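These notes concern the structure reproduced below.
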Amino acid sequence: MEYPHKPVLVEEIVKYLVAIPDGTYVDGTVGMGGHSLAIGMALTGKGRLVCLDLDPDAVRLSRQRLAVLGKRVFVIKAGFSELDRVLGDLGVKQVEGVLLDLGMSSYQLEMSGRGFSFRREEPLDMRMDPEKMQTAHHLVNNLPVRELEAILKDYGEERRAKSISRAIVKARTTKPVETSLQLAELIKSIFPPSFRSRARHPATRTFQALRIAVNKELQNLETFLNRIPTMLVKGGRLVVLSYHSLEDRLVKQAMVHWERRCTCPPDFPDCVCGKVPLFRRLFKRGLRASQGEVEENPRARSAILRAAERI
Ligand SMILES: C[S@@+](CC[C@H](N)C(=O)[O-])C[C@H]1O[C@@H](n2cnc3c(N)ncnc32)[C@H](O)[C@@H]1O
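All the letters of the sequence shown, read from the start, carry residue numbers 716 to 1026 under the working numbering.
The following block contains the structure:
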């Protein structure tokens, strides 16, 4: 079977993640299992792999794909922000490495039918976990204009946040915005004609912002980053692949903070903060995919890889 998601920077991820091939590893965003398959192949017979995803379709499809790895793999429907609870349930105290490949998969964009794409006529849903209550439809049709504007600004860095949110609120007074294509057309209609021929669709940033808000993506990432230091053994690795500056900034800031020694002001005679470094970064600048990979897999264009080792 063809799995509709090409994993990004696979070789680099396995190289930086798997330092202890007998260890227990976590793929916190298993998706279609492309990275997990490569990680599983790099482990010895003693190594184990725990895979999580919020999306039940991802859990089902990756389970099928990863069956070749046998009983060393556990695929669980859970969010990576709950990793400590999941490991506790499995009786695992600490692990040798964790991978996060953030954002959505090509499957979700193209085949889930949940309105992630502004090119498809689908219900405005955008939930990765369909058991959660809040849909994009709910946000678009109920939030006060200022809250909508804040979402588009904060999570989409959309310069026209004000006019887009006003246009949405005006449109919904006549009838609710039901589908992804209706929303995309509405946004397109308020951009000047010169914008309409540009490579980037005018609805790109709004869709990103709504998806981030619906799935609380940045809150989940922050919770995970706060908890991960105690979950990794010494020498264990954290590898994160981000696709936009908001999530990459959180990852970078966390890694820089962990790496720092004492943070007392320079004029303090003695350290009072007691801060010791928790991680060392494996490389300082975020790693990008090669031109060749981007040509083969356009999703790789915006990917930024960061990796750090617990010390
Ligand atoms: C870019 S895809 C991962 C693709 C995967 N690496 C592969 O090779 O197929 C991101 C996946 O993360 C999942 N996801 C997003 N937020 C999550 C969270 N907080 N916890 C667990 N999974 C999450 C999405 O449902 C999606 O399947």
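Cβ atoms here follow ideal geometry from the backbone N, Cα and C, with glycine treated the same way.
Everything numeric in this text was worked out from a predicted model, so none of it was measured.
| Query | Result |
| --- | --- |
| State buried or exposed for T850, treating a residue as buried only when at least 16 other CB atoms are found within 10 Å of its CB. | buried |
| Excluding five sequence neighbours on each side, which residues of the same chain lie with their C-beta closer than 8 Å to the C-beta of L724? | L956, L1002, A1004, E1008, A1015, A1018 and L1020 |
| So N856 and R887 are in contact, right, with Cβ under 8 Å, and what is the actual spacing, rounded? | 5 Å |
| To the nearest angstrom, how far is the alpha carbon of Q968 from that of G755? | 30 Å |
| Give a yes or no on whether the C-beta atoms belonging to K903 and P917 are separated by under 9 Å. | yes |
| Tell me the residue span of the alpha helix (DSSP H) that contains K967. | S960 to E974 |
| With DSSP collapsed to three states, give me the class of E873. | coil |
| Have a look at A924 and L867 and give me their C-alpha separation to the nearest angstrom. | 5 Å |
| Please work out which residues of its chain come closer than 6 Å, Cβ to Cβ, to D737, disregarding the five sequence neighbours upstream and downstream, and give them in chain order. | T759, K761 and G762 |
| Tell me the rounded alpha-carbon separation between F922 and P984. | 51 Å |
| Whole angstroms are fine: how far does the CA of T894 sit from the CA of V954? | 36 Å |
| Which class does E1024 belong to by DSSP, given the choice of helix, strand or coil? | strand |
| Do the segment 785 to 802 and the segment 872 to 884 make contact, defined as three or more Cβ pairs closer than 8 Å? | no |
| Express the C-alpha separation of V813 and I728 in angstroms, rounding to a whole number. | 11 Å |
| Does DSSP put G1001 in a helix, in a strand, or in coil? | coil |
| For the alpha helix (DSSP H) that I927 lies in, which residues bound it at each end? | T919 to V929 |
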